[in-house]
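In what follows, a single structure is set out as structure tokens and then discussed.
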């Protein structure tokens, strides 16, 4: 018997009606995903005083853009589900306070993009909601300063280090309509901790979580790798993605070119960014730009998105704890 | 006059290589590396070995952080020589204050003038 | 990129070699004390590359530059020579230092050839040497 | 998959640091910083009343000033990515640690932000410097008192 724990199936076929993505100046210049973005800023702080205020502003703008594409205002939306990585998710809280939609903070670290999407689909499925806004964001300076060092501090980063992106990605989820990508099913991840402790090598810590969720999703929903046009992980980065593929290879999955990683590709594999990108804005802004557009245009028919997150804090790793990681998967189809 | 430039370059560079090895091979964080080097500098001065190095290498020995430990110990020892055991406490910052005070002052000035930027 | 940096470095080093002046051994004596003894002492010490000595009034200042690898013990060398000079000239106030500042200042003083200045400047140099210990 | 096996796999796939390249870069960058420092020291020796020894104080202060400019304009980070310990070990790296923390935490105000966080990274260096100096000086003083060694 197949283990059904953590599996979600949406019979009512909720759809992603629109997306809104905002990116910072560096991403605009260097990221191949930014050409699909709706808005970019010349200033990392969006012209505001602090990084965190800029962070909230990015989030808020992304929500407004996603809603305006449906000709809706915030007062039409029933729920907003979003999160970020700053302490107590203050940027999301402030953004929610500005837009004034009933708000549930979501935290799965960098996997928030998928976890909020799944929760939004559930709300829609239950019939409690006609319009839910879901998304996540991150801002380089704010995250860097919280998890690592001051932005201007000179420390040599190894090949495993990842660059937190400044971006916000938001989607609106509504009950089924024709011509929009459908959220068919999903898998909630199990926290996986294989005892890695290096906070500058998070891709390696997250890879087993992604592999585990991937395996459970395929077994639970009875699909195979060939069913998908794209299987995209969130922010494993180059090294984590290698490990992920190696793990799948050992489990005898066919690791083909349908596998991609948003983090490794985020900055066009530029060597200056070392292992690639990370942050909760990374997967969100990649999924809701290129992947969503290609679903709409019909290039992709069925995709599996696995966002990964490392659930640590500066406190936990300084106290010598290991890095627990999670990965959530969502399957999106275009019919 | 010329050879001091060469010795400065080489000695300063070698101290940095030691630091790099501690970071790469020993897997220490930069903060741990710096602390270890400071302690090493102060122990070397305890044996009276750091001063000759400064004479030999000039800034090659005074600019690396090891000199910070050396200067603290040197100040403490100089005072201890004059006033006995109490001097260990009182003499500590006699010599070194310039590095710390400069860092404090310029740090404050910088916080007034600059804003942090996340460009690569 | 790295090659360019190294080239620049080599260039600077070559420039420096060109600029570095060696003063050799120089002695100026405005008194009628015999300076020969001191001069030979400095000249025969193989550890010393350059030396500038100024004897004026009741003071003797010697600025030394020692060989590169003797620099480790340059303080000791200066102390040793200072002791020996003291033995030779018990009446003079003697300052010997291997610090390049002393050499530079003494040399400057000699080149200015202004004898009224000597006493004041020599006091200053002695004070500088004392300050550093 | 158990922990040990995965950690072995991780070790295999994660690229090792390029030891030789990093060391050469650290040597060149660190050496160059000291080299610049020697120019500054020479300047102070030639034009002010500093001896080789006393010149190290103003030299250090000047190097930290240079470090402030490089940090503020965002260049120190780039130097550090290439130089590694070559930029962290010289006193300029100490300055960078304090200055970057001060710049970063200005948003929390001048007292709690700048004042409270300036020593966040550099504080440990000061602590261990002072404490080790205390211990070393104490031991030496006691040994001299016992007549084992001399000053």
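Protein chains in written order, with this note's numbering: chain A, 614 to 948; chain E, 788 to 907; chain D, 354 to 486; chain H, 1234 to 1384.
Note that the Cβ used here is the ideal one computed from N, Cα and C, for glycine as well.
*Quick one, which of 418(D), 441(D), 379(D) has its alpha-carbon nearest residue 400(D)'s?*
Taking the first residue of the third chain as position 1, residue 400(D) is located at position 47. Nearest of 418(D), 441(D), 379(D) to residue 400(D), Cα basis: 418(D).
*Determine the direct distance from the alpha carbon of residue 423(D) to that of residue 444(D), and round the result to whole angstroms.*
As a working note, residue 444(D) is residue 91 in the third chain. As a working note, residue 423(D) is residue 70 in the third chain. In a straight line, the C-alpha of residue 444(D) is about 30 Å away from that of residue 423(D).
*asked:* Tell me the residue span of the alpha helix (DSSP H) that contains residue 789(A).
replied: Along the first chain, one-based indexing puts residue 789(A) at 176. Where residue 789(A) is concerned, there is no enclosing alpha helix (DSSP H), because DSSP gives it neither an H nor an E.
*For the region 844–863 of chain A against the region 737–747 of chain A, are there 3 or more C-beta pairs whose distance is under 8 Å?*
Contact between the region 844–863 of chain A and the region 737–747 of chain A is absent: fewer than 3 CB-CB pairs across the two stretches fall below 8 Å.
*Does residue 1340(H) have its Cβ less than 9 Å from a Cβ in chain A?*
Position 107 of the fourth chain, counted from the first residue, corresponds to residue 1340(H). With 9 Å as the cut-off, residue 1340(H) counts as an interface residue toward chain A.
*Which of helix, strand or coil does DSSP assign to residue 648(A)?*
As a first step, residue 648(A) must be located in the first chain, where it is residue number 35. Residue state, collapsed to three classes: helix.
*asked:* Determine, for residue 758(A), whether the minimum Cβ-Cβ distance to residues of chain H falls below 9 Å.
replied: Stepping through the first chain from its first residue, residue 758(A) is reached at position 145. By this cut-off, residue 758(A) is an interface position.
*Is it a yes or a no for the region 744–763 of chain A touching the region 661–680 of chain A, going by three-plus beta-carbon pairs under 8 Å?*
Taking a cut-off of 8 Å for Cβ pairs, the region 744–763 of chain A and the region 661–680 of chain A touch, as three or more such pairs fall below it.
*Could you spell out where the beta strand (DSSP E) holding residue 1296(H) opens and where it closes?*
Translated into the one-based positions of the fourth chain, residue 1296(H) becomes position 63. Run containing residue 1296(H): none in the beta strand (DSSP E); it sits in the alpha helix (DSSP H), 1289–1305.
*In terms of residues, what are the limits of the alpha helix (DSSP H) holding residue 769(A)?*
Looking up residue 769(A) in the first chain gives position 156. Segment: none, residue 769(A) is in no alpha helix (DSSP H) and carries neither H nor E.
*Which class does residue 909(E) belong to by DSSP, given the choice of helix, strand or coil?*
There is simply no residue 909(E) to check, as chain E begins at 788 and stops at 907 in what is shown.
*asked:* Among 834(A), 772(A), 841(A), 747(A), whose alpha-carbon lies nearest the alpha-carbon of residue 631(A)?
replied: For the purposes of this step, residue 631(A) is taken as the residue at position 18 of the first chain. Ranking 834(A), 772(A), 841(A), 747(A) by Cα distance to residue 631(A) puts 747(A) first.
_Against residue 399(D), what residues of chain E qualify as contacts under a CB-to-CB distance less than 9 Å, listed in chain order?_
Within the third chain, numbered from 1, the residue matching residue 399(D) stands at position 46. Per Cβ cutoff of 9 Å: no residues; residue 399(D) is ~16 Å from chain E at best.
*the region 899–908 of chain A in contact with the region 785–792 of chain A per 3-pair CB rule at 8 Å*: no
*Would you call residue 474(D) buried or exposed, if buried means 16 or more other Cβ atoms sit within 10 Å of its Cβ?*
Stepping through the third chain from its first residue, residue 474(D) is reached at position 121. Buried, because 16 or more other Cβ atoms sit within 10 Å of the Cβ of residue 474(D).
*asked:* I want to see whether chain H comes within less than 9 Å of residue 824(E), judged by CB atoms only; does it?
replied: In the second chain, counting from the first residue as 1, residue 824(E) sits at position 37. Interface residue, yes.
_Minimum C-alpha distance to residue 803(A) - residue among 650(A), 937(A), 832(A)_ = Here residue 803(A) corresponds to residue number 190 of the first chain, with the count starting at 1. Among 650(A), 937(A), 832(A), the Cα nearest to that of residue 803(A) is on 937(A).
*is_contact[residue 817(E), chain A] using C-beta, thresh 9 Å*: Within the second chain, residue 817(E) is the residue found at index 30, counting from 1. Closer than 9 Å to some Cβ of chain A, the Cβ of residue 817(E) qualifies, so yes.
*asked:* Residues of chain A with CB closer than 9 Å to the CB of residue 1309(H), please, in chain order.
replied: As a first step, residue 1309(H) is located in the fourth chain; it is residue number 76 there, counting from the start. By Cβ distance, chain A contributes 765, 766, 767.
*asked:* Please classify residue 919(A) as buried or exposed, where buried requires at least 16 other C-beta atoms within 10 Å of its C-beta.
replied: Position 306 of the first chain, counted from the first residue, corresponds to residue 919(A). With at least 16 other beta carbons inside 10 angstroms of its own, residue 919(A) counts as buried.
*From this set, 1333(H), 1289(H), 1268(H), which residue's C-alpha is nearest residue 1303(H)'s C-alpha?*
Residue numbering aside, residue 1303(H) sits at position 70 when the fourth chain is read from its first letter. Considering only alpha carbons, the answer is 1333(H).
*Taking C-alpha atoms, which residue in 713(A), 847(A), 797(A) lies nearest to residue 733(A)?*
As a working mapping, residue 733(A) is identified with position 120 in the first chain. For residue 733(A), the nearest C-alpha among the options comes from 797(A).
*Note down, one range per segment and in chain order, each alpha helix (DSSP H) of at least 4 residues found wholly within the region 375–433 of chain D.*
389–397
*Give the residues of chain E in contact with residue 700(A), contact being defined as C-beta atoms less than 8 Å apart.*
Locating residue 700(A) in the first chain gives position 87, where the first residue counts as 1. Within chain E, no residue comes near residue 700(A); the closest Cβ sits about 18 Å away, beyond 8 Å.
*residue 839(E) CB to nearest chain H CB: under 9 Å?*
Along the second chain, read from residue 1 onward, the residue named residue 839(E) stands at position 52. Chain H, which has no Cβ nearer than 9 Å to the Cβ of residue 839(E), makes this no.
*For residue 1362(H), count neighbouring C-beta atoms within 10 Å of its own C-beta (all shown protein chains included) and say buried if the count is 16 or more, exposed if not.*
Working through the fourth chain from its first residue, we reach residue 1362(H) at position 129. Here residue 1362(H) is buried: its Cβ has 16 or more other Cβ atoms, across all protein chains shown, within 10 Å.
*Alpha carbon of residue 467(D) to alpha carbon of residue 831(E), nearest angstrom*: If you number the third chain from 1, residue 467(D) lands on position 114. If you number the second chain from 1, residue 831(E) lands on position 44. Near 45 Å, if we compare the C-alpha coordinates of residue 831(E) and residue 467(D).
*Residues in its own chain within less than 8 Å of residue 1278(H) by CB, not counting five upstream and five downstream?*
The residue given as residue 1278(H) occupies position 45 in the fourth chain. Same-chain partners within the cutoff: 1284, 1285, 1288.
_Which same chain residues end up closer than 6 Å to residue 459(D) when comparing Cβ atoms and leaving out the 5 residues on each side of it in sequence?_
Taking the first residue of the third chain as 1, we reach residue 459(D) at position 106. If we look at residue 459(D) and ignore the five residues flanking it on each side, its Cβ neighbours are 405, 407, 414, 416.
*Delimiting residues of the beta strand (DSSP E) encompassing residue 1239(H)*: By one-based count along the fourth chain, residue 1239(H) stands at place 6. Looking at the DSSP string, residue 1239(H) is not in any beta strand (DSSP E); the run it does join, the alpha helix (DSSP H), is 1236–1246.
*Secondary structure, beta strand (DSSP E): runs of 3+ residues fully inside the region 697–728 of chain A*: Secondary structure in the region 697–728 of chain A: the beta strand (DSSP E) runs of 3 residues or longer, each lying completely within the stretch, are 716–718 in chain order.
_Other residues of its chain near residue 874(A): CB distance less than 6 Å, five sequence neighbours each side excluded_ = The residue given as residue 874(A) occupies position 261 in the first chain. Result list for residue 874(A): 846, 849, 854, in chain order.
*is_contact[residue 901(E), chain A] using C-beta, thresh 9 Å*: Looking up residue 901(E) in the second chain gives position 114. Judged by the 9 Å Cβ criterion, residue 901(E) is in contact with chain A.
_Cβ of residue 653(A) within 9 Å of any chain E Cβ_ = Taking the first residue of the first chain as position 1, residue 653(A) is located at position 40. Closer than 9 Å: no.
*Whole-angstrom Cβ separation of residue 803(E) and residue 1330(H), contact assumed at under 8 Å?*
Position 16 of the second chain, counted from the first residue, corresponds to residue 803(E). Position 97 of the fourth chain, counted from the first residue, corresponds to residue 1330(H). In fact, because the Cβ distance is near 16 Å, the residues do not count as touching under 8 Å.
*Kindly indicate which three-state DSSP category residue 879(E) falls into: helix, strand or coil?*
The residue given as residue 879(E) occupies position 92 in the second chain. Note: residue 879(E) maps to coil in three-state DSSP.
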